[in-house]
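Working notes, beginning with the structure itself.
In my numbering, the protein residues as written are 340 to 521.
Structure, rendered in structure tokens:
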């Protein structure tokens, strides 16, 4: 499927470049951007499909939405391949809406998520966005507000999706892990 996405992105990038060669980026840049968009769309379709057939359509939609918004503002780990991103993101969201939790656990998870974001967010944004460091405190606050918003929804799928995303902002260098694990 990833090879198909790469091919579609290349064809679309080539077509876009031919339509306006002077005012568009290179084919490689366009292809890279389109792969990101198509990969995100594929992840969303997989999650919504599984959510629909499992009776968790609304939870799958909300968990996906909150996960993406938090990732946008908090940053975090980026996988080296689109395939790994697709597999990981899909699995995380599917687990999020498949594991029911009560409100006490939801509250504990939310507090833990806020603490992680307070300490580590935003993370790994420098190489992926053109946002000046002076805006990082704003990104941190928006990230925390996204998590707090779930206290009004009290949605367990959202709470777990936000927790999983917050774990991605913890820099590997801060963890006491062996050097061989990458």
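The C-beta atom is built at its ideal place from N, Cα and C for all residues, glycine as well.
Just so we're clear, the structure is a prediction, and the values are computed from it rather than from any experiment.
Put simply, of 402, 495, 497, 412 the residue whose alpha carbon is nearest the alpha carbon of residue 382 is 402. Inside the stretch 427 to 455, DSSP marks no whole alpha helix (DSSP H) run of 4 or more residues. By the Cβ rule, the stretch 447 to 465 does not count as touching the stretch 384 to 391, because fewer than three pairs are nearer than 8 angstroms.
Sequence-distant partners of residue 464 (beyond 5 residues in either direction) whose C-beta falls short of 8 angstroms from its own C-beta, in its chain, are 414, 470, 475, 478. Residue environment for residue 376: exposed (fewer than 16 other C-beta atoms within 10 angstroms of its C-beta).
Comparing alpha carbon positions, the residue from 352, 429, 406 closest to residue 494 is 406. The alpha-carbon separation between residue 362 and residue 428 amounts to approximately 34 angstroms.
For residue 410, the enclosing alpha helix (DSSP H) begins and ends at 396 to 413. The beta carbon of residue 509 lies closer than 6 angstroms to those of 459 in the same chain, with the five residues before and after it left out. Of the candidates 397, 451, 473, the residue whose Cα lies closest to the Cα of residue 492 is 397.
For residue 505, the enclosing alpha helix (DSSP H) starts and ends at 495 to 506.
Of all C-beta pairs linking the stretch 432 to 449 to the stretch 365 to 375, fewer than three are shorter than 8 angstroms, placing the two stretches out of contact.
Residue environment: residue 424 is assigned as buried (16 or more neighbouring CB atoms within 10 Å of its CB, all protein chains considered). Boundaries of the alpha helix (DSSP H) harbouring residue 391: 366 to 392, taken from the DSSP string.
DSSP links residue 462 through a beta bridge to 414. The criterion of a C-beta distance shorter than 8 angstroms is satisfied by residue 395 and residue 436. Of the candidates 378, 364, 438, 452, 452 places its Cα closest to the Cα of residue 507. Across the structure, residue 408 and residue 485 are spaced so that their CA atoms are roughly 8 angstroms apart. Distance check between residue 481 and each of 365, 391, 366, 412 places 412 closest, using alpha-carbon atoms only.
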